[in-house]
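Please read the structure below before turning to the comments.
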Amino acid sequence: KFIRRILNEAGGLRVKIISKIENQAGLDNFDEILKYTDGVMVARGDLGMEIPSEKVALAQKMIVTKCNIAGKFCICATQMLESMIENPLPTRAEMTDVANAVFDGCDAVMLSGETANGSFPDTAVKTMVNICEYAELGVDYYSQTNNIRYWQFKQGIDPLESTFISLCKSAIEYAEDLNGDGVIDADEGALIVVFTKNGNAARLISKYRPPCPVFIATPEIRVLRQANAHFAQRPSLKLIDENVPYEDLLDGIVATLVNRNYAVNGKKILVATGIHSLFADEEAKFKTIVVGNEASYRRKSMAASGILPPPTPKRDLETLMQNPHLGNATLTERCTKIGLDIVSKPISLVKAKKSKIICTLGPKCWSEEGIEGLLENGMSIARFNFSHGSHEMHQEVLDRYRKVCKQVGEKMCEQHSLQPEFVPKWACLLDTKGPEIRTAMLKDHQGIELEKDQEIIVEAVGARYTEFEGYKNETETRIGVSYDKLCQSVKPGNQMLFADGTISIEVVKILSETELLGKVLNSKKLGERKNGNLPGVKVDIPVLTEKDINDLQNFCCKNKMDYVAASFVQTADDVKFIRRILNEAGGLRVKIISKIENQAGLDNFDEILKYTDG
1 KFIRRILNEA GGLRVKIISK IENQAGLDNF DEILKYTDGV MVARGDLGME
51 IPSEKVALAQ KMIVTKCNIA GKFCICATQM LESMIENPLP TRAEMTDVAN
101 AVFDGCDAVM LSGETANGSF PDTAVKTMVN ICEYAELGVD YYSQTNNIRY
151 WQFKQGIDPL ESTFISLCKS AIEYAEDLNG DGVIDADEGA LIVVFTKNGN
201 AARLISKYRP PCPVFIATPE IRVLRQANAH FAQRPSLKLI DENVPYEDLL
251 DGIVATLVNR NYAVNGKKIL VATGIHSLFA DEEAKFKTIV VGNEASYRRK
301 SMAASGILPP PTPKRDLETL MQNPHLGNAT LTERCTKIGL DIVSKPISLV
351 KAKKSKIICT LGPKCWSEEG IEGLLENGMS IARFNFSHGS HEMHQEVLDR
401 YRKVCKQVGE KMCEQHSLQP EFVPKWACLL DTKGPEIRTA MLKDHQGIEL
451 EKDQEIIVEA VGARYTEFEG YKNETETRIG VSYDKLCQSV KPGNQMLFAD
501 GTISIEVVKI LSETELLGKV LNSKKLGERK NGNLPGVKVD IPVLTEKDIN
551 DLQNFCCKNK MDYVAASFVQ TADDVKFIRR ILNEAGGLRV KIISKIENQA
601 GLDNFDEILK YTDG
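In C-alpha cells form, the structure reads like this:
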C-alpha cells in the first residue's frame with residue numbers, strides 16, 4: 001500500500017507493482033501481499049539465503065500456484081541460465097529449471113546477468129524462448145484450466161470470470177487435433193481477441209491459461225505494453241478507435257491477423273466484448289467467428305442462419321505450434337501439496353526419504369572417512385565411473401567401500417539395537433565409458449585458443465586419439481576426434497559440440513573420408529580429451545566397446561556388483577546385447593540401467609523400456 005501511495009502521489013496510478021518475495025516475512029505474509037500487489041516475482045537468489053535453500057522449490061511452487069488462482073502474473077527469476085554468462089549453452093539442469101517454471105504456471109521467466117553482463121546475451125534470450133516454447137507444448141491445458149477453476153469455485157465465481165472460463169475451455173476444445181495428422185490445421189486451432197480498456201478482461205483470460213495467443217484490442221498504449229507480463233497475451237495489434245463501429249474494427253483485426261500469418265481461412269477466432277459496451281472488462285460475452293466466413297462476423301448466432309462455414313482445404317499453419325494432444329502423448333502431470341507450514345516452519349525429518357541418492361566416488365570422497373560420511377548422510381548407491389581409472393584402482397575403492405558399509409551397519413546395530421538383518425544394505429553401480437567421442441591430444445599438451453568464425457580442420461583419428469596431436473599455427477588449426485566415422489555421419493550445417501557444449505563448431509564441408517572443414521561459433525579454449533556430441537546425428541558406434549566388455553565381465557560380474565549403467569543406449573538390441581555379455585560372465589542378476597543420451601535413444605525409447613531394468 002505504501003508503494004502504491006508513493007506512485008500515486010507522482011501520477012503513477014497505472015504503474016503496476018511487482019512484489020519480490022525474498023525472505024521469510026514475505027512468505028509468512030504472502031496471502032495478504034497477494035491481495036494488493038499486481039504481480040509477484042519469485043526472487044530465488046535472496047530467498048535461498050533467507051530460508052533453507054532446499055525449500056526454495058517448495059516456496060516457488062506455492063507462490064506460483066497462489067498467483068495462478070488469484071489471477072496475478074508471476075515471474076520466476078535468478079540464476080535461470082547463469083552458466084550462459086560464460087558459455088553459449090546452458091547446463092541441462094538450468095534448461096530443466098526454466099521448463100519447470102513454465103510447467104508450474106509462471107507467466108514470465110527472467111534473465112539477469114545472462115543479458116546484463118554475459119558474453120552471449122542474444123543467444124541466452126533465444127535459448128530461453130526455445131525452452132519456453134517446447135515446454136508449453138507439454139502443458140495439459142485442460143487440467144491446468146480445470147485446476148484453477150476448481151480453486152476459484154471454492155471462493156465463488158462471478159459472471160465475468162464464468163464467461164472467460166467458458167471462452168478458455170472453447171479454445172482448448174478447438175486446439176484438439178481432430179483429424180489426427182499431428183498438427184493443428186488451419187480450421188482446427190483458435191485465436192482469442194479481447195476488447196479491453198484497462199486490461200482486466202485480458203488478465204482474467206490469461207488466468208485460465210488458454211492454449212493459444214490472446215490478442216489485445218485496446219485504445220490504451222499502456223495496456224498493450226503491460227500485456228507483456230501476462231501469459232499468452234500478444235500486444236501485436238495497433239491501437240483501436242473506440243468510436244469506430246465494432247464490425248469495422250473486427251474486419252481490420254482479422255485482416256491484420258491474416259496478413260501476419262496468424263490466421264487463414266477456416267481459422268476460428270474467439271472474440272470477447274462487453275455486453276452493453278465494446279469492452280469486456282466489467283461484463284462480457286464472447287462469440288466464435290470463422291476467418292473467411294463473413295456471416296460469422298455479422299450474425300449474433302450462426303445457428304439462426306442454418307449456414308455452415310464453407311469447407312476449407314486443410315494445411316499446416318506453420319506459425320502455430322504443433323498440437324500437444326497427440327495420440328502417443330504421455331500425461332506427465334504430477335500433483336504437489338505445499339502449504340506455508342512446510343516452507344516456513346522447522347520440520348524434523350525422520351530420515352525416511354523415498355527418493356534414492358546415487359553418489360559418484362572420486363578422490364575427494366573415496367577415503368574410509370569420506371565414504372562413511374556419504375553413507376551416514378543418505379547415500380543409497382555408490383557409482384564407479386569407468387571412464388577413468390584402472391581395474392586395480394577401482395578394486396581398491398570397491399573393497400574399501402564394502403568394508404565401510406559393514407562398519408557403518410555394525411554401528412547402526414549398536415546405536416539402534418537392531419538385528420543385523422534390519423541394517424540397510426547399500427549397492428554399487430558400474431558406469432561404462434561407452435562409445436564416447438573425445439578430442440585428441442594437443443601439441444605440447446597445451447590448450448588451443450579457438451576464435452569465433454575461424455576455420456578449423458577436424459580429423460577423425462579413431463583409436464589414435466591418444467597419440468594424435470592437434471595444433472594451431474599461422475596457416476591452420478587442426479584437431480582430432482576419436483569417432484572414426486565422423487565424416488560419414490555428419491553433413492554441412494550440422495553442429496559439433498565439445499567440452500560439455502561450451503564449444504560449438506559448424507560443419508562447413510566434408511573434405512575427405514577422415515577430414516572436414518568447420519567454423520568455430522564461439523571463442524573458447526579447447527583442451528585434450530574433451531567430450532563431444534553430435535546433436536541429431538545417429539552415431540555409428542557399438543554400445544559396448546572392447547574396454548566396456550572387459551569391464552563388465554572381468555570387474556562387474558566378478559565382483560557381484562548390483563547395477564551397470566550403460567552409456568548411449570540407442571536401441572532395444574543394445575540392451576539385449578548388454579544382457580548377453582553379463583549373462584555369459586555369470587551376471588544374470590546385475591540390473592541394466594539404460595542411459596538415454598541422444599535422439600536415437602528417444603526415438604526407440606518404448607522398445608528400450610521393454611528390456612531394460614532401469
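Oh and the sequence shown: position 452 is 452 in the UniProt record's numbering, straight run, nothing missing. Beta carbons: idealized from backbone N, C-alpha and C, even for Gly. Please read these numbers as outputs of a predicted model, since none were measured by experiment.
**Prompt:** What is the DSSP secondary structure of residue 174, reduced to helix, strand or coil?
**Reply:** As a first step, residue 174 is located in the sequence shown; it is residue number 174 there, counting from the start. Helix at residue 174.
**Request:** Name the two residues that bound the continuous beta strand (DSSP E) containing residue 495.
**Result:** As a first step, residue 495 is located in the sequence shown; it is residue number 495 there, counting from the start. Run containing residue 495: 495 to 498, per the beta strand (DSSP E) assignment.
**Prompt:** By Cβ distance, which residues of its chain are closer than 6 Å to residue 46, with the 5 residues on each side in sequence left out?
**Reply:** Within the sequence shown, the letter at position 46 stands for residue 46. Closer than 6 Å at the Cβ level, and outside the excluded window around residue 46, lie 22.
**Request:** Could you spell out the range, first to last residue, of the beta strand (DSSP E) harbouring residue 471?
**Result:** Within the sequence shown, numbered from 1, the residue matching residue 471 stands at position 471. 469 to 472 is the span of the beta strand (DSSP E), which, as asked, contains residue 471.
**Item:** Three-way DSSP call (helix, strand, coil) for residue 322 in this model
**Value:** Looking up residue 322 in the sequence shown gives position 322. With a pLDDT of 43 at residue 322, under the threshold of 50, the modelled position of this residue cannot be trusted; read the value that follows with caution. Note: residue 322 maps to coil in three-state DSSP.
**Request:** Pull up the DSSP beta-bridge partners for residue 286, would you.
**Result:** The residue labelled residue 286 in the question sits at position 286 within the sequence shown. In DSSP, residue 286 forms a bridge with 272.
**Message:** I'd like the list of long-range same chain contacts for residue 308, defined as Cβ closer than 7 Å, with 5 residues on each side in sequence excluded.
**Reply:** In the sequence shown, the residue the question calls residue 308 occupies position 308. At residue 308, the pLDDT of 44 sits below 50, so the modelled position is not reliable; the number obtained from the coordinates is stated separately. Answer for residue 308: no residue qualifies.
**Prompt:** When the Cα atoms are used, what is the spatial distance from residue 379 to residue 360?
**Reply:** Here the question's residue 379 lines up with position 379 in the sequence shown. Here the question's residue 360 lines up with position 360 in the sequence shown. So the alpha carbons of these two residues sit roughly 10 Å apart.
**Message:** Can you give me the C-alpha to C-alpha distance between residue 274 and residue 612, rounded to a whole angstrom?
**Reply:** Indexing the sequence shown from 1 puts residue 274 at position 274. Indexing the sequence shown from 1 puts residue 612 at position 612. Roughly 58 Å between the two C-alpha positions.
**Asked** Under a three-way DSSP split, which group does residue 525 fall into?
**Response** If you number the sequence shown from 1, residue 525 lands on position 525. Correct three-state label for residue 525: strand.
**Request:** Flag this pair as yes or no: are the beta carbons of residue 607 and residue 517 separated by less than 8 Å?
**Result:** The sequence position of residue 607 within the sequence shown is 607, counting from 1. The sequence position of residue 517 within the sequence shown is 517, counting from 1. Not a contact, by the Cβ cut-off of 8 Å.
**Buried or exposed by the 16-neighbour rule on C-beta atoms within 10 Å, applied to residue 377** = Residue numbering aside, residue 377 sits at position 377 when the sequence shown is read from its first letter. The residue in question, residue 377, is exposed, as its Cβ has fewer than 16 Cβ neighbours within 10 Å.
**Message:** For the alpha helix (DSSP H) containing residue 533, name the first residue and the last one.
**Reply:** Along the sequence shown, one-based indexing puts residue 533 at 533. Counting along the chain, residue 533 falls outside any alpha helix (DSSP H), though it belongs to the beta strand (DSSP E) covering 531 to 533.
**Request:** Within its chain, find whatever has a CB closer than 6 Å to the CB of residue 599; leave out the 5 residues flanking it on each side and keep chain order.
**Result:** The residue given as residue 599 occupies position 599 in the sequence shown. Counting only Cβ-Cβ distances below 6 Å, and skipping sequence neighbours, we find 536.
**Item:** Candidates 162, 108, 374, 392, of which the one nearest residue 358 by Cα
**Value:** Numbered from its first residue, the sequence shown carries residue 358 at position 358. With distances taken between Cα atoms, residue 358 lies closest to 374.
**Request:** Report yes or no: do the segment 46 to 61 and the segment 83 to 95 share at least 3 C-beta pairs separated by less than 8 Å?
**Result:** no
**Message:** Along the chain, where does the beta strand (DSSP E) containing residue 563 start, and where does it finish?
**Reply:** Working through the sequence shown from its first residue, we reach residue 563 at position 563. That run of the beta strand (DSSP E) goes 563 to 566.
**Message:** Give the list of continuous alpha helix (DSSP H) stretches no shorter than 4 residues that lie fully inside the segment 70 to 133.
**Reply:** 92 to 104, 113 to 116
**Request:** Could you tell me the distance, in whole angstroms, from the CA atom of residue 320 to the CA atom of residue 262?
**Result:** The sequence position of residue 320 within the sequence shown is 320, counting from 1. The sequence position of residue 262 within the sequence shown is 262, counting from 1. Unreliable placement is indicated for residue 320, whose pLDDT of 39 sits below 50; the coordinate value is still reported in the next sentence. If I take the Cα positions, the gap works out to 8 Å.
**Prompt:** Which residues in the same chain as residue 576 place their Cβ atom closer than 8 Å to its Cβ, once the five residues preceding and following it in sequence are excluded?
**Reply:** Mapped onto the sequence shown, residue 576 falls at position 576. Same-chain partners within the cutoff: 611.
**Message:** Starting from residue 406, trace the beta strand (DSSP E) in both directions and tell me its first and last residue.
**Reply:** To locate residue 406, count along the sequence shown from 1; it is residue 406. Careful: residue 406 lies outside any beta strand (DSSP E), inside the alpha helix (DSSP H) at 391 to 416.
**Asked** Cβ of residue 585 within 8 Å of Cβ of residue 544?
**Response** Residue numbering aside, residue 585 sits at position 585 when the sequence shown is read from its first letter. Residue numbering aside, residue 544 sits at position 544 when the sequence shown is read from its first letter. Not closer than 8 Å, so no.
**Request:** Reducing DSSP to helix, strand and coil, say where residue 67 ends up.
**Result:** Reading the sequence shown from its first residue, position 67 is the one you call residue 67. Residue 67: helix per DSSP, three-state reduction.
**Request:** May I ask you to report which of helix, strand or coil DSSP gives residue 20?
**Result:** Sequence index remark: in the sequence shown, residue 20 carries index 20 (1-based). If DSSP states are grouped into helix, strand and coil, residue 20 belongs with the strands.
**Asked** residue 591 bridges to which residues according to DSSP?
**Response** Mapped onto the sequence shown, residue 591 falls at position 591. According to DSSP, which records beta bridges pairwise, residue 591 is partnered with 563.
**Item:** Closest Cα partner of residue 172 within the set 197, 146, 290
**Value:** Locating residue 172 in the sequence shown gives position 172, counting from the first residue. For the residues 197, 146, 290, the minimum Cα distance to residue 172 belongs to 146.
**Request:** Out of 250, 169, 25, point me to the one whose CA is closest to residue 142's CA.
**Result:** Within the sequence shown, the letter at position 142 stands for residue 142. Answer by Cα proximity: 169.
**Request:** Determine, using beta carbons only, whether residue 193 and residue 202 come nearer to each other than 8 Å.
**Result:** Position 193 of the sequence shown, counted from the first residue, corresponds to residue 193. Position 202 of the sequence shown, counted from the first residue, corresponds to residue 202. No, Cβ-Cβ distance for residue 193 and residue 202 is not below 8 Å.
**Request:** Leaving aside the five residues before and after residue 615 along the sequence, list all residues of the same chain whose C-beta is less than 8 Å from its C-beta, in chain order.
**Result:** Since the first and last residues shown for the chain are 1 and 614, residue 615 lies out of range.
**Residue span of the alpha helix (DSSP H) that contains residue 258, given as start and end** = Along the sequence shown, one-based indexing puts residue 258 at 258. Counting along the chain, the alpha helix (DSSP H) containing residue 258 begins and ends at 246 to 259.
**Message:** Between which residues of its own chain and residue 105 is the CB-CB distance below 6 Å, once the five residues before and five after are set aside?
**Reply:** Numbered from its first residue, the sequence shown carries residue 105 at position 105. Around residue 105: 64, 68.
**Request:** With a threshold of 16 other CB atoms inside 10 Å of the CB of residue 475, please say whether the residue is buried or exposed.
**Result:** Working through the sequence shown from its first residue, we reach residue 475 at position 475. Exposed, since its Cβ has fewer than 16 Cβ neighbours within 10 Å.
**Proximity test, Cβ basis, 8 Å: residue 466 and chain D** = Among the chains of the structure shown, chain D does not appear; only one protein chain is present.
**Request:** Could you tell me which residues DSSP puts in a beta bridge with residue 233?
**Result:** If you number the sequence shown from 1, residue 233 lands on position 233. Answer is 214, bridged to residue 233.
**Request:** Assign residue 431 to one of three DSSP states: helix, strand, or coil.
**Result:** Here residue 431 is taken as the residue at index 431 of the sequence shown, counted from 1. Residue 431 falls in the strand class under three-state DSSP.
**Request:** My understanding is that residue 438 touches residue 530, with C-beta atoms under 8 Å, so please give their C-beta distance in whole angstroms.
**Result:** Within the sequence shown, numbered from 1, the residue matching residue 438 stands at position 438. Within the sequence shown, numbered from 1, the residue matching residue 530 stands at position 530. Sure, about 7 Å apart at Cβ, within 8 Å.
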